[in-house]
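Trainee: Before anything else, here's the structure in question.
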Amino acid sequence: MRSRFTLLASTGVLTLALTSCAGQPAAPASSAPDGAAGDGHGAVSNAEEVAEPQLGLTVIDPAGAVTHLDLLDESVSPLGEVAAPTAVSTDGRYLFAETDGAVEIVDSGVWTWDHIDHFHYYRAAPRLLGGVEGDGQATVATTNLSTTGSTGISFAGSGDAVLLDTEALSKGEVTERFRLRREPHDGLVVPVGSFALVTEATDGVGTEILGYTAEGEKTGLEEPCVDPAGTITTRVGAVIGCADGALLAHVVDDELQVERIPYPAGTDAIPVRDFDNREGRPTVAGLAGEGGIWLLDTRDRAWTLLPAPTPLAHVTAVDDEDGTVLALAQDGRVLVLNGTDGSVTSETTPLVAGSLAAGRVPTLIADQHRAYLSAPTEKRLYEIDYADGARIARTFDTVTEPAFVAETGR
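Each residue of the sequence shown is one higher than the one before, counting from -1 in the working numbering.
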(Lines of atoms letter the chains of each structure in order from A and count residues from 1; the text may use other names and numbers.)
(Lines give C-alpha, C1' and ligand atoms only; values in the text may rest on other atoms or scores of the structure.)
Protein backbone atom coordinates (compact mmCIF):
# COMPACT_ATOMS: atom_id res chain seq x y z
CA MET A 1 0.00 0.00 0.00
CA ARG A 2 1.18 3.47 -0.73
CA SER A 3 0.00 6.83 0.60
CA ARG A 4 -3.14 6.16 2.59
CA PHE A 5 -4.66 9.31 4.12
CA THR A 6 -7.83 9.69 6.19
CA LEU A 7 -9.78 12.76 7.32
CA LEU A 8 -13.28 14.12 7.76
CA ALA A 9 -15.18 15.16 4.64
CA SER A 10 -16.63 18.56 3.76
CA THR A 11 -18.09 20.04 0.60
CA GLY A 12 -16.60 22.08 -2.23
CA VAL A 13 -14.96 21.87 -5.63
CA LEU A 14 -11.20 22.07 -5.99
CA THR A 15 -9.45 24.52 -8.30
CA LEU A 16 -5.75 25.31 -8.35
CA ALA A 17 -3.81 28.50 -9.00
CA LEU A 18 -0.06 29.08 -9.01
CA THR A 19 0.96 31.72 -6.46
CA SER A 20 4.72 31.61 -6.58
CA CYS A 21 7.40 29.81 -8.55
CA ALA A 22 11.18 29.75 -8.49
CA GLY A 23 12.14 29.75 -12.15
CA GLN A 24 10.14 29.16 -15.29
CA PRO A 25 7.73 26.23 -15.74
CA ALA A 26 9.16 23.16 -17.40
CA ALA A 27 8.38 22.65 -21.07
CA PRO A 28 5.79 20.03 -22.01
CA ALA A 29 7.15 16.57 -22.72
CA SER A 30 8.00 15.67 -26.30
CA SER A 31 6.85 12.48 -27.93
CA ALA A 32 9.07 9.47 -28.41
CA PRO A 33 8.77 7.35 -31.58
CA ASP A 34 5.51 5.42 -31.81
CA GLY A 35 5.81 1.89 -30.51
CA ALA A 36 9.23 2.49 -28.98
CA ALA A 37 8.33 0.60 -25.85
CA GLY A 38 7.18 -2.64 -27.35
CA ASP A 39 5.77 -5.57 -25.40
CA GLY A 40 6.79 -5.89 -21.78
CA HIS A 41 7.66 -2.23 -21.32
CA GLY A 42 4.38 -0.89 -19.96
CA ALA A 43 2.82 0.11 -23.26
CA VAL A 44 -0.92 -0.25 -23.78
CA SER A 45 -3.19 0.61 -26.68
CA ASN A 46 -4.23 4.26 -26.98
CA ALA A 47 -1.24 5.38 -24.90
CA GLU A 48 1.62 7.58 -26.09
CA GLU A 49 5.21 7.00 -25.08
CA VAL A 50 6.94 10.26 -24.20
CA ALA A 51 10.49 11.34 -23.48
CA GLU A 52 10.15 12.31 -19.81
CA PRO A 53 7.99 11.41 -16.83
CA GLN A 54 4.56 13.07 -16.90
CA LEU A 55 4.61 14.05 -13.26
CA GLY A 56 1.51 15.54 -11.72
CA LEU A 57 -0.46 15.88 -8.52
CA THR A 58 -3.85 14.20 -8.76
CA VAL A 59 -6.12 15.61 -6.08
CA ILE A 60 -9.49 14.53 -4.68
CA ASP A 61 -11.32 17.10 -2.59
CA PRO A 62 -13.53 16.16 0.38
CA ALA A 63 -16.67 16.06 -1.79
CA GLY A 64 -15.04 13.74 -4.35
CA ALA A 65 -14.11 16.15 -7.16
CA VAL A 66 -10.97 14.88 -8.92
CA THR A 67 -8.46 17.33 -10.42
CA HIS A 68 -5.02 16.86 -12.00
CA LEU A 69 -2.21 19.42 -11.75
CA ASP A 70 0.45 18.88 -14.43
CA LEU A 71 3.79 19.64 -12.76
CA LEU A 72 5.49 20.16 -16.15
CA ASP A 73 3.34 22.97 -17.55
CA GLU A 74 1.28 23.76 -14.43
CA SER A 75 -2.03 23.24 -16.26
CA VAL A 76 -5.03 22.03 -14.26
CA SER A 77 -7.63 19.57 -15.57
CA PRO A 78 -10.86 18.35 -13.95
CA LEU A 79 -11.14 14.55 -14.22
CA GLY A 80 -14.65 13.97 -12.81
CA GLU A 81 -16.16 13.04 -9.47
CA VAL A 82 -16.28 10.05 -7.15
CA ALA A 83 -18.35 9.66 -4.00
CA ALA A 84 -17.03 11.51 -0.95
CA PRO A 85 -13.91 9.54 0.10
CA THR A 86 -12.64 8.78 3.57
CA ALA A 87 -9.21 7.51 2.46
CA VAL A 88 -7.19 7.22 -0.74
CA SER A 89 -4.33 4.91 -1.76
CA THR A 90 -2.16 5.11 -4.88
CA ASP A 91 0.43 3.21 -6.88
CA GLY A 92 1.62 6.27 -8.81
CA ARG A 93 -0.95 5.91 -11.58
CA TYR A 94 -4.28 4.84 -10.07
CA LEU A 95 -6.01 6.38 -7.10
CA PHE A 96 -8.12 3.99 -5.02
CA ALA A 97 -10.72 6.07 -3.15
CA GLU A 98 -12.45 4.44 -0.20
CA THR A 99 -16.09 5.52 -0.20
CA ASP A 100 -19.24 4.30 1.51
CA GLY A 101 -19.46 0.61 0.55
CA ALA A 102 -16.89 0.61 -2.24
CA VAL A 103 -13.43 1.47 -3.47
CA GLU A 104 -13.67 3.74 -6.51
CA ILE A 105 -10.75 3.79 -8.95
CA VAL A 106 -9.34 6.80 -10.81
CA ASP A 107 -6.86 6.34 -13.68
CA SER A 108 -4.69 9.47 -13.85
CA GLY A 109 -3.57 8.46 -17.36
CA VAL A 110 0.16 8.94 -16.66
CA TRP A 111 2.69 6.33 -15.58
CA THR A 112 6.30 5.15 -15.63
CA TRP A 113 7.50 1.65 -16.45
CA ASP A 114 10.55 0.73 -14.36
CA HIS A 115 12.83 -1.49 -16.44
CA ILE A 116 15.52 -1.57 -13.70
CA ASP A 117 18.32 0.01 -15.77
CA HIS A 118 16.07 2.46 -17.63
CA PHE A 119 12.51 3.75 -17.69
CA HIS A 120 9.64 4.24 -20.15
CA TYR A 121 7.09 7.04 -19.74
CA TYR A 122 3.49 7.08 -20.95
CA ARG A 123 0.38 9.20 -21.06
CA ALA A 124 -3.18 8.37 -22.05
CA ALA A 125 -6.63 9.80 -21.46
CA PRO A 126 -7.49 9.86 -17.73
CA ARG A 127 -10.74 8.21 -16.69
CA LEU A 128 -12.88 7.03 -13.82
CA LEU A 129 -12.96 3.23 -13.86
CA GLY A 130 -15.78 2.41 -11.43
CA GLY A 131 -15.75 0.69 -8.08
CA VAL A 132 -15.20 -2.52 -6.14
CA GLU A 133 -17.94 -3.17 -3.59
CA GLY A 134 -17.16 -4.18 -0.01
CA ASP A 135 -18.07 -3.43 3.61
CA GLY A 136 -15.95 -1.60 6.14
CA GLN A 137 -12.55 0.03 5.93
CA ALA A 138 -10.60 -0.99 2.84
CA THR A 139 -6.84 -1.54 2.77
CA VAL A 140 -5.28 -1.47 -0.71
CA ALA A 141 -1.94 -3.06 -1.65
CA THR A 142 -0.27 -2.35 -4.99
CA THR A 143 2.91 -3.18 -6.88
CA ASN A 144 5.24 -0.81 -8.74
CA LEU A 145 3.84 -1.71 -12.18
CA SER A 146 0.53 -0.33 -13.38
CA THR A 147 -0.07 -2.44 -16.50
CA THR A 148 0.65 -5.97 -15.24
CA GLY A 149 0.15 -8.07 -12.13
CA SER A 150 -2.51 -7.49 -9.52
CA THR A 151 -3.86 -5.11 -6.89
CA GLY A 152 -5.18 -6.33 -3.53
CA ILE A 153 -8.08 -4.99 -1.49
CA SER A 154 -9.01 -6.20 2.00
CA PHE A 155 -12.39 -5.14 3.45
CA ALA A 156 -12.35 -5.12 7.25
CA GLY A 157 -16.12 -5.17 7.75
CA SER A 158 -17.03 -8.13 5.58
CA GLY A 159 -13.63 -9.83 5.57
CA ASP A 160 -13.67 -10.03 1.77
CA ALA A 161 -10.22 -10.47 0.21
CA VAL A 162 -10.23 -9.20 -3.39
CA LEU A 163 -7.47 -9.46 -5.99
CA LEU A 164 -7.89 -7.19 -9.03
CA ASP A 165 -6.33 -7.68 -12.46
CA THR A 166 -4.08 -4.62 -12.92
CA GLU A 167 -3.63 -5.26 -16.64
CA ALA A 168 -7.41 -5.07 -16.99
CA LEU A 169 -7.37 -1.74 -15.14
CA SER A 170 -4.95 -0.41 -17.75
CA LYS A 171 -7.60 -1.26 -20.35
CA GLY A 172 -10.37 0.46 -18.41
CA GLU A 173 -11.87 -2.72 -16.92
CA VAL A 174 -12.36 -3.60 -13.26
CA THR A 175 -11.89 -7.38 -13.11
CA GLU A 176 -11.68 -9.47 -9.94
CA ARG A 177 -9.23 -12.37 -10.18
CA PHE A 178 -10.65 -13.75 -6.94
CA ARG A 179 -12.82 -12.80 -3.97
CA LEU A 180 -12.31 -14.85 -0.82
CA ARG A 181 -14.55 -14.88 2.28
CA ARG A 182 -12.68 -14.56 5.59
CA GLU A 183 -13.40 -13.69 9.18
CA PRO A 184 -13.81 -9.90 9.33
CA HIS A 185 -10.62 -8.17 10.47
CA ASP A 186 -8.23 -5.35 9.61
CA GLY A 187 -6.21 -7.40 7.15
CA LEU A 188 -4.23 -7.38 3.93
CA VAL A 189 -4.26 -8.82 0.41
CA VAL A 190 -0.75 -8.34 -0.98
CA PRO A 191 0.09 -9.08 -4.64
CA VAL A 192 3.46 -10.75 -5.25
CA GLY A 193 4.14 -11.52 -8.91
CA SER A 194 1.49 -13.99 -10.07
CA PHE A 195 0.59 -14.80 -6.45
CA ALA A 196 -0.96 -13.06 -3.45
CA LEU A 197 -0.52 -13.19 0.30
CA VAL A 198 -3.77 -13.03 2.28
CA THR A 199 -4.12 -12.53 6.03
CA GLU A 200 -6.33 -14.78 8.15
CA ALA A 201 -7.71 -13.97 11.60
CA THR A 202 -8.81 -15.52 14.86
CA ASP A 203 -11.33 -13.64 16.99
CA GLY A 204 -11.01 -10.58 14.76
CA VAL A 205 -7.21 -10.28 14.95
CA GLY A 206 -4.87 -11.24 12.12
CA THR A 207 -2.68 -14.21 13.01
CA GLU A 208 -1.16 -15.61 9.80
CA ILE A 209 -0.46 -15.13 6.10
CA LEU A 210 -1.54 -17.67 3.47
CA GLY A 211 -0.24 -17.90 -0.10
CA TYR A 212 -2.65 -18.00 -3.06
CA THR A 213 -2.34 -18.16 -6.80
CA ALA A 214 -3.92 -15.40 -8.86
CA GLU A 215 -6.82 -17.81 -9.45
CA GLY A 216 -7.55 -18.07 -5.74
CA GLU A 217 -6.02 -21.51 -5.10
CA LYS A 218 -3.92 -22.07 -1.98
CA THR A 219 -0.20 -22.62 -2.60
CA GLY A 220 0.43 -24.30 0.75
CA LEU A 221 2.49 -21.40 2.07
CA GLU A 222 1.56 -20.46 5.64
CA GLU A 223 3.48 -17.99 7.77
CA PRO A 224 2.65 -16.62 11.25
CA CYS A 225 2.04 -12.87 11.31
CA VAL A 226 0.33 -11.50 14.39
CA ASP A 227 -1.42 -8.14 14.03
CA PRO A 228 -0.43 -7.51 10.40
CA ALA A 229 -0.25 -3.82 9.49
CA GLY A 230 1.42 -1.92 6.70
CA THR A 231 2.63 -3.15 3.32
CA ILE A 232 4.76 -1.72 0.53
CA THR A 233 6.52 -3.12 -2.54
CA THR A 234 10.19 -2.41 -3.25
CA ARG A 235 12.43 -3.65 -6.05
CA VAL A 236 13.41 -6.51 -3.75
CA GLY A 237 9.92 -7.71 -2.84
CA ALA A 238 6.71 -7.02 -0.97
CA VAL A 239 6.97 -6.02 2.69
CA ILE A 240 4.31 -6.88 5.29
CA GLY A 241 4.52 -5.58 8.83
CA CYS A 242 3.90 -7.94 11.77
CA ALA A 243 4.04 -7.41 15.53
CA ASP A 244 7.51 -8.99 15.72
CA GLY A 245 9.05 -7.58 12.53
CA ALA A 246 8.34 -7.87 8.82
CA LEU A 247 7.84 -10.46 6.13
CA LEU A 248 9.57 -10.01 2.76
CA ALA A 249 7.89 -11.85 -0.11
CA HIS A 250 9.17 -12.45 -3.64
CA VAL A 251 9.01 -15.04 -6.40
CA VAL A 252 12.00 -17.28 -7.15
CA ASP A 253 11.82 -19.82 -10.01
CA ASP A 254 8.02 -19.40 -10.17
CA GLU A 255 7.70 -20.18 -6.47
CA LEU A 256 6.34 -17.80 -3.86
CA GLN A 257 8.83 -17.35 -1.02
CA VAL A 258 8.62 -15.45 2.27
CA GLU A 259 11.49 -14.39 4.54
CA ARG A 260 11.07 -13.18 8.12
CA ILE A 261 13.00 -10.08 9.22
CA PRO A 262 12.57 -9.78 13.01
CA TYR A 263 13.05 -6.57 14.92
CA PRO A 264 16.47 -6.38 16.63
CA ALA A 265 16.68 -8.33 19.86
CA GLY A 266 16.15 -6.33 23.00
CA THR A 267 14.21 -3.46 21.44
CA ASP A 268 10.90 -2.36 22.90
CA ALA A 269 10.18 0.26 20.19
CA ILE A 270 6.65 0.37 18.81
CA PRO A 271 6.19 -1.73 15.62
CA VAL A 272 5.61 -0.01 12.28
CA ARG A 273 1.96 0.45 11.29
CA ASP A 274 2.60 2.07 7.89
CA PHE A 275 5.57 2.10 5.49
CA ASP A 276 6.57 4.77 2.97
CA ASN A 277 9.47 5.52 0.64
CA ARG A 278 10.48 6.96 -2.70
CA GLU A 279 8.68 4.52 -4.95
CA GLY A 280 10.49 1.25 -5.57
CA ARG A 281 13.60 2.02 -3.52
CA PRO A 282 14.92 -0.83 -1.31
CA THR A 283 14.79 1.07 1.99
CA VAL A 284 11.43 1.87 3.57
CA ALA A 285 10.58 3.92 6.65
CA GLY A 286 7.90 3.91 9.32
CA LEU A 287 7.24 5.52 12.65
CA ALA A 288 8.15 3.78 15.90
CA GLY A 289 5.49 5.77 17.72
CA GLU A 290 6.10 9.52 17.98
CA GLY A 291 9.67 9.24 19.20
CA GLY A 292 11.43 6.91 16.78
CA ILE A 293 11.92 5.98 13.13
CA TRP A 294 12.28 2.46 11.81
CA LEU A 295 14.25 1.98 8.59
CA LEU A 296 14.07 -1.40 6.87
CA ASP A 297 16.70 -2.16 4.22
CA THR A 298 15.08 -4.91 2.17
CA ARG A 299 18.34 -5.71 0.37
CA ASP A 300 20.29 -6.28 3.57
CA ARG A 301 17.24 -7.63 5.46
CA ALA A 302 18.11 -5.28 8.32
CA TRP A 303 16.29 -2.84 10.60
CA THR A 304 17.72 0.44 11.91
CA LEU A 305 16.06 2.40 14.71
CA LEU A 306 16.70 6.16 14.64
CA PRO A 307 15.72 8.62 17.36
CA ALA A 308 13.14 11.17 16.28
CA PRO A 309 14.41 14.73 16.78
CA THR A 310 10.87 15.87 17.68
CA PRO A 311 7.43 14.22 17.76
CA LEU A 312 6.59 13.16 14.21
CA ALA A 313 3.39 12.64 12.23
CA HIS A 314 4.84 10.85 9.18
CA VAL A 315 8.16 9.69 7.76
CA THR A 316 9.36 8.48 4.36
CA ALA A 317 12.70 7.16 3.07
CA VAL A 318 14.23 8.91 0.05
CA ASP A 319 16.98 6.25 -0.02
CA ASP A 320 19.35 8.38 -2.12
CA GLU A 321 23.16 8.37 -1.96
CA ASP A 322 22.98 10.41 1.24
CA GLY A 323 20.43 8.09 2.86
CA THR A 324 17.99 10.97 3.23
CA VAL A 325 14.83 10.55 5.30
CA LEU A 326 11.98 13.07 5.19
CA ALA A 327 9.71 13.62 8.16
CA LEU A 328 6.64 15.68 8.92
CA ALA A 329 6.87 17.05 12.46
CA GLN A 330 3.75 17.43 14.56
CA ASP A 331 4.32 21.19 14.64
CA GLY A 332 3.95 21.35 10.83
CA ARG A 333 7.61 21.49 9.74
CA VAL A 334 9.12 19.22 7.07
CA LEU A 335 12.47 17.89 8.31
CA VAL A 336 15.30 16.56 6.16
CA LEU A 337 17.07 13.93 8.25
CA ASN A 338 20.36 12.09 8.08
CA GLY A 339 19.48 8.42 7.63
CA THR A 340 22.50 7.33 9.68
CA ASP A 341 21.82 9.08 12.97
CA GLY A 342 18.47 10.86 12.53
CA SER A 343 19.96 14.34 12.86
CA VAL A 344 18.23 17.28 11.16
CA THR A 345 20.16 18.59 8.14
CA SER A 346 17.56 21.19 7.08
CA GLU A 347 13.95 22.07 7.70
CA THR A 348 11.07 24.26 6.58
CA THR A 349 9.05 26.64 8.68
CA PRO A 350 5.77 25.21 10.07
CA LEU A 351 3.80 24.85 6.83
CA VAL A 352 0.84 22.73 7.95
CA ALA A 353 0.38 23.51 11.64
CA GLY A 354 -3.27 24.44 11.07
CA SER A 355 -4.03 21.19 9.26
CA LEU A 356 -2.46 19.04 11.97
CA ALA A 357 -4.21 20.96 14.72
CA ALA A 358 -7.53 20.43 12.94
CA GLY A 359 -6.94 16.70 12.47
CA ARG A 360 -6.48 17.05 8.69
CA VAL A 361 -3.55 14.74 7.91
CA PRO A 362 -1.27 16.26 5.24
CA THR A 363 0.28 14.17 2.48
CA LEU A 364 4.10 14.05 2.29
CA ILE A 365 5.51 12.47 -0.87
CA ALA A 366 9.15 11.99 -1.89
CA ASP A 367 10.42 11.53 -5.42
CA GLN A 368 13.93 11.61 -6.88
CA HIS A 369 14.25 15.39 -6.90
CA ARG A 370 11.42 16.95 -4.92
CA ALA A 371 9.03 16.43 -2.05
CA TYR A 372 5.35 17.38 -2.19
CA LEU A 373 3.29 18.38 0.82
CA SER A 374 -0.45 19.00 0.93
CA ALA A 375 -1.90 21.53 3.36
CA PRO A 376 -5.64 20.79 3.56
CA THR A 377 -6.68 23.47 6.05
CA GLU A 378 -4.29 26.04 4.57
CA LYS A 379 -5.64 25.13 1.08
CA ARG A 380 -2.21 24.84 -0.45
CA LEU A 381 0.24 22.45 -2.10
CA TYR A 382 4.00 22.79 -1.65
CA GLU A 383 6.90 21.59 -3.78
CA ILE A 384 10.06 21.29 -1.66
CA ASP A 385 13.65 20.91 -2.85
CA TYR A 386 14.89 18.74 0.01
CA ALA A 387 18.46 18.63 -1.39
CA ASP A 388 18.70 22.44 -1.34
CA GLY A 389 18.14 23.26 2.29
CA ALA A 390 14.42 22.31 2.21
CA ARG A 391 13.76 25.25 -0.11
CA ILE A 392 10.15 25.88 -1.14
CA ALA A 393 10.42 25.60 -4.92
CA ARG A 394 6.76 26.20 -5.83
CA THR A 395 3.51 26.87 -4.03
CA PHE A 396 0.01 26.19 -5.41
CA ASP A 397 -3.03 27.67 -3.68
CA THR A 398 -6.39 25.88 -3.82
CA VAL A 399 -9.97 27.05 -3.39
CA THR A 400 -11.01 24.07 -1.27
CA GLU A 401 -9.16 21.47 0.76
CA PRO A 402 -6.69 19.29 -1.18
CA ALA A 403 -7.87 16.43 0.99
CA PHE A 404 -6.23 13.52 -0.81
CA VAL A 405 -3.17 13.98 -3.02
CA ALA A 406 -1.11 11.53 -5.07
CA GLU A 407 1.95 12.16 -7.20
CA THR A 408 1.17 10.41 -10.46
CA GLY A 409 3.23 9.65 -13.54
CA ARG A 410 6.04 8.08 -11.50
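Where is the CB? At the ideal position from N, CA and C, for every residue including glycine.
Could you pull out every residue in the same chain whose Cβ sits closer than 8 Å to the Cβ of Arg276, ignoring the five residues on either side in sequence?
Mentor: Closer than 8 Å at the Cβ level, and outside the excluded window around Arg276, lie Thr314, Ala315, Val316, Asp317, Asp318, Ala364, Asp365 and Gln366.
Trainee: If you draw a straight line from the C-alpha of Ala154 to the C-alpha of Leu335, how long is it?
Mentor: Those two C-alpha atoms are separated by around 35 Å.
Trainee: Does Val403 pass the burial test, meaning 16 or more other C-beta atoms within 10 Å, or should it be called exposed?
Mentor: Val403 comes out buried.
Trainee: Could you compute how far the alpha carbon of Ala401 sits from the alpha carbon of Ala311?
Mentor: Taking the straight line joining both Cα atoms gives about 16 Å.
Trainee: For the beta strand (DSSP E) containing Ala315, name the first residue and the last one.
Mentor: Taken as a continuous stretch (DSSP letters only), the beta strand (DSSP E) holding Ala315 covers Leu310 to Ala315.
Trainee: Mind checking Gly218: buried by the 16 CB within 10 Å criterion, or exposed?
Mentor: Gly218 comes out exposed.
Trainee: Taking the continuous beta strand (DSSP E) assigned at Thr265, which residues delimit it?
Mentor: Run containing Thr265: none; DSSP gives neither H nor E here.
Trainee: Closer than 8 Å: is that where the CB of Val80 sits relative to any heavy atom of the ligand SAH?
Mentor: As for the ligand SAH, it is missing from this structure, which has no ligand bound.
Trainee: Given a cut-off of 9 Å, decide if Leu294 and Ala300 are closer than it, judged by their beta-carbon atoms.
Mentor: Cβ atoms of Ala300 and Leu294: closer than 9 Å.
Trainee: With distance defined between alpha-carbon atoms, name the residue in Ile58, Leu186 and Asn142 nearest to Ala85.
Mentor: Cα-wise, what sits closest to Ala85 is Ile58.
Trainee: Give me the Cα-Cα distance between Thr173 and Asp89, rounded to the nearest whole angstrom.
Mentor: Each residue's alpha carbon lies about 17 Å from the other.
Trainee: If you count every other CB in all the chains shown that lies within 10 Å of the CB of His66, and 16 or more means buried, which is it?
Mentor: Counting Cβ neighbours within 10 Å, His66 comes out buried, since at least 16 surround it.
Trainee: Do Arg271 and Gly284 have their beta-carbon atoms positioned less than 9 Å apart in this structure?
Mentor: It is a contact, given that the beta carbons lie within the stated cut-off.
Trainee: Three or more C-beta pairs under 8 Å: does that hold for the region 187 to 194 against the region 66 to 75?
Mentor: Touching, no, given that fewer than three Cβ pairs across the two stretches are closer than 8 Å.
Trainee: I'd like to know whether the C-beta atoms of Leu93 and Thr406 end up nearer to each other than 9 Å.
Mentor: Closer than 9 Å, so yes.
Trainee: Report the rounded CA-to-CA distance for Arg392 versus Leu354, giving the unit in angstroms.
Mentor: Cα-Cα distance, rounded: 21 Å.
Trainee: What residue from Val250, Val397, Gly278 and Val203 has the CA that sits closest to Phe117's CA?
Mentor: Nearest of Val250, Val397, Gly278 and Val203 to Phe117, Cα basis: Gly278.
Trainee: Taking the C-alpha atoms as reference points, what is the distance between Asp339 and Leu333?
Mentor: If I take the Cα positions, the gap works out to 14 Å.
Trainee: Under the three-state reduction of DSSP, which class applies to Ser168: helix, strand or coil?
Mentor: Reduced to three states, the DSSP call for Ser168 is helix.
Trainee: Would Asn142 be called buried (16 or more neighbouring beta carbons within 10 Å of its own) or exposed?
Mentor: Answer is buried; the Cβ neighbour count reaches 16.
Trainee: Pro348 and Gly330: beta carbons closer than 9 Å?
Mentor: Yes; because the gap between Cβ atoms is below 9 Å, this pair is in contact.
Trainee: To which residues does DSSP link Val160 through a beta bridge?
Mentor: In the DSSP output, where bridge partners are listed per residue, Val160 has Ile151 and Arg177.
Trainee: Fully enclosed by the region 349 to 400, which beta strand (DSSP E) runs are 3 residues long or longer?
Mentor: Counting only runs of 3 or more, we get 362 to 364, 369 to 373, 378 to 383 and 389 to 396.
Trainee: Please say whether Ile291 and Val256 have beta carbons closer to each other than 9 Å?
Mentor: Result no, Cβ atoms of Val256 and Ile291 do not sit closer than 9 Å.
Trainee: Helix, strand or coil for Asp68, going by three-state DSSP, please let me know.
Mentor: The answer is strand: DSSP assigns Asp68 an E or B state.
Trainee: Going by beta carbon distance, what residues of the same chain come within less than 8 Å of Pro262, once the five residues before and after it are set aside?
Mentor: Excluding sequence neighbours, Pro262 sits near Trp301 and Leu303.
Trainee: Check whether the region 42 to 60 and the region 118 to 132 are in contact - that is, three or more C-beta pairs closer than 8 Å.
Mentor: Counting Cβ pairs under 8 Å, three or more are found: they touch.
Trainee: Between which residues of its own chain and Arg408 is the CB-CB distance below 7 Å, once the five residues before and five after are set aside?
Mentor: The answer, listed in chain order, is Pro51, Leu53, Gly90, Thr110, Glu277 and Asp365.
Trainee: Helix, strand or coil, according to DSSP, for Arg279 in the structure here?
Mentor: It is coil, neither helix nor strand.
Trainee: Please report the Cβ distance between Phe176 and Leu186, rounded to the nearest whole angstrom; I am assuming they are in contact, meaning their Cβ atoms lie under 8 Å.
Mentor: The Cβ separation is near 15 Å, so there is no contact.
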